[in-house]
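Enquirer: Structure below; questions to follow.
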Amino acid sequence: MTATITIRPEGIDDHAAIREVVTAAFGSAAEADLVDRIRASPEYVPSGSLVAVADSGADGGADGQGEVVVGHVMISGATLELSQGGVRPIVMLSPLAVRPDRQRDGIGGSLVRAAVAAADALDEPFVVLEGAPAYYSRFGFAPAAAHGITLPLPHWAPPEAAQLHRLRHDDASLTGRVVYPAAFDGLG
Ligand SMILES: CC(C)(COP(=O)(O)OP(=O)(O)OC[C@H]1O[C@@H](n2cnc3c(N)ncnc32)[C@H](O)[C@@H]1OP(=O)(O)O)[C@@H](O)C(=O)NCCC(=O)NCCS
């Protein structure tokens, strides 16, 4: 039986299930801790923190609500240090997680598209992220360097891992260096 997947903003009742899904997807609690730190920070964007929920038909929703969280994505705030001087707030996408037994079924893609749409609805110029170009290019992400924007990548990541998705209010004059907020301190 195939479960129906719905993407919606997270609620307080989802927090524990999100921790489980993010920990299972990444194989450690580091990213789940990151989600909690972002949520507790000024950079939290409630309309950009989304869950993918499956109806209980195929997943046996144990929460009594007929649905179970199978994926999560977060859009949250970061700072762009502008090339011409000054700073402005922007948004980034991180992290993205799908429960291991539900991967390769389009849920990650649905979450990315919904997160991008949430950022567009906030009239943001673009969304940045650090991730595999082979995955995110499917959803309209392209190298951030082509937009004149750099991200603080870990030493092991190739430059193309810095990705950007232009939105309706994109402005080519917005170039510079992305600075992650304190919630990301210490993450590899
Ligand atoms: C990345 C992730 C969210 C994708 O979720 P998903 O629901 O499986 O994604 P989709 O079904 O939309 O897409 C699956 C496709 O993406 C591909 N893919 C997944 N991760 C990829 C990666 N890092 N690089 C390239 N392709 C990747 C899969 O091979 C699959 O390819 P196929 O369509 O040719 O079979 C999921 O694998 C996951 O939670 N991984 C662990 C956490 C993680 O790495 N998150 C991303 C970094 S923040």
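Numbering (our numbering), first residue to last: 9 to 196.
Just so it is clear, CB atoms sit at the ideal spot from N, CA and C, and this is done for glycine as well.
Helix, strand or coil for S181 per DSSP?
Expert: S181: coil per DSSP, three-state reduction.
Enquirer: Could you check whether the Cβ of G114 sits closer than 7 Å to any heavy atom belonging to ligand 1?
Expert: Answer for G114: yes, Cβ within range of ligand 1.
Enquirer: Under 7 Å: does the beta carbon of V106 sit that close to some heavy atom of ligand 1?
Expert: At least one heavy atom of ligand 1 is nearer than 7 Å to the Cβ of V106, so yes.
Enquirer: Alpha carbons only, please: which of R16, A48, S102 is nearest the one belonging to S55?
Expert: Comparing Cα positions, the closest option is R16.
Enquirer: Under 7 Å: does the beta carbon of F34 sit that close to some heavy atom of ligand 1?
Expert: Yes, since a heavy atom of ligand 1 falls inside the 7 Å radius drawn around the Cβ of F34.
Enquirer: Out of I83, S84, D63, which has the shortest C-alpha to C-alpha gap to V76?
Expert: For the residues I83, S84, D63, the minimum Cα distance to V76 belongs to D63.
Enquirer: Distance, Cα to Cα, L227 vs G74?
Expert: The question about residue 227 has no answer, for the chain in this structure spans 9 to 196.
Enquirer: Ligand 1 heavy atoms versus the CB of Q171: any closer than 7 Å?
Expert: No - ligand 1 has no heavy atom lying nearer than 7 Å to the Cβ of Q171.
Enquirer: Any heavy atom of ligand 1 inside 7 Å of the beta-carbon of Y143?
Expert: Y143: yes, Cβ under 7 Å from ligand 1.
Enquirer: My assumption, with CB atoms under 8 Å, is that P103 sits in contact with E39. Please give the rounded CB distance.
Expert: Contact holds; Cβ gap of about 5 Å.
Enquirer: Return the CA-CA distance between G93 and V29, expressed in angstroms with no decimal places.
Expert: In a straight line, the C-alpha of G93 is about 40 Å away from that of V29.
Enquirer: Where do the N-terminal and C-terminal ends of the alpha helix (DSSP H) with R27 fall, by residue?
Expert: It spans 23-34 - the alpha helix (DSSP H) in which R27 sits, taken as one unbroken run.
Enquirer: Give the DSSP-derived three-state secondary structure of M9 in the structure shown.
Expert: Here M9 scores only 49 on pLDDT, less than 50, and its place in the model is too uncertain to base an answer on.
Enquirer: Using three-state DSSP, classify D109 as helix, strand or coil.
Expert: Here D109 sits in helix by DSSP.
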